[in-house]
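Everything below concerns the one structure shown next.
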Amino acid sequence: MKALPLFASSLAFVFSAGLSAQDLFVYPAQGQSAEQTRNDQAACHQWAAGQVGFDPRYPSRPGAPATAPSGPGMVGGAVRGALLGTVGGAIAGDTGKGAAVGAATGALFGGIHRHDQAAAQSEWSQQQQAYERQQRANFNRAMRACLEARGYSVS
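Shown next, in the form of structure tokens:
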């Protein structure tokens with residue numbers, strides 16, 4: 000009868016240990032205590048982060064662009080274009096026509112600028128996700144090596 004509670008607590012320990020070890024399931028193959036396993040996992044986590052230069056608890060985001068595209072956009076471009084068109088139209092003798100042409104041109108260029116920025120943001124995001132997946136895989140390999148060297152079964 001004592002085997003069932005012991006098995007259940009061991010199984011719970013294995014799953015909780017796995018969650019704290021970044022997607023790894025860790026089993027104390029040499030009878031290590033729960034406290035020893037936590038200490039070993041913490042030491043291996045620190046070692047793996049140092050080896051890889053990446054800690055999944057604090058993912059890095061080097062060179063992140065602004066989260067929102069900057070620049071005039073269509074509305075701001077239209078307003079700026081209208082102002083410039085008014086000046087150009089005044090020189091040519093027709094401020095209303097100059098403002099209309101300037102507004103249309105400004106809106107077009109503002110929209111193109113906003114579209115280009117959104118495409119660059121999407122490309123950067125995909126590259127960052129790929130980088131983080133690779134770093135996490137490297138970190139997990141280092142964790143596995145450390146824990147296995149300390150007598151744990153890791154999967």
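For the sequence shown, numbering that gives the first Met the number 0 assigns the number 0 to the initial residue and increments by one for each residue that follows. Every residue, glycine too, gets a C-beta built ideally from N, C-alpha and C.
With contacts defined by Cβ atoms closer than 9 Å, Gln45 and Tyr151 do not form a contacting pair. The three-state secondary structure of Ser154, taken from DSSP, is coil.
Around the C-beta of Ala47, 16 or more other C-beta atoms lie within 10 Å, and the residue is accordingly described as buried. If you draw a straight line from the Cα of Phe138 to the Cα of Gly52, it comes to about 9 Å. For Gln133 and Glu34, the gap between their C-alpha atoms comes out near 30 Å. With 16 or more neighbouring CB atoms inside 10 Å of its own CB, Arg149 falls in the buried class. Excluding residues up to 5 positions away in sequence, nothing lies with its Cβ nearer than 7 Å to the Cβ of Glu122 in the same chain. Straight-line spacing of the CA atoms in Arg140 and Thr104 works out to 55 Å.
According to DSSP, Val25 shares a beta bridge with Val153. DSSP places Gly52 in the coil class of the three-state scheme, outside both helix and strand. Taking a C-beta distance under 9 Å as the contact criterion, Leu146 and Asp39 qualify as a contact pair. Cβ atoms of Pro58 and Glu131 come within 8 Å of each other, at about 6 Å.
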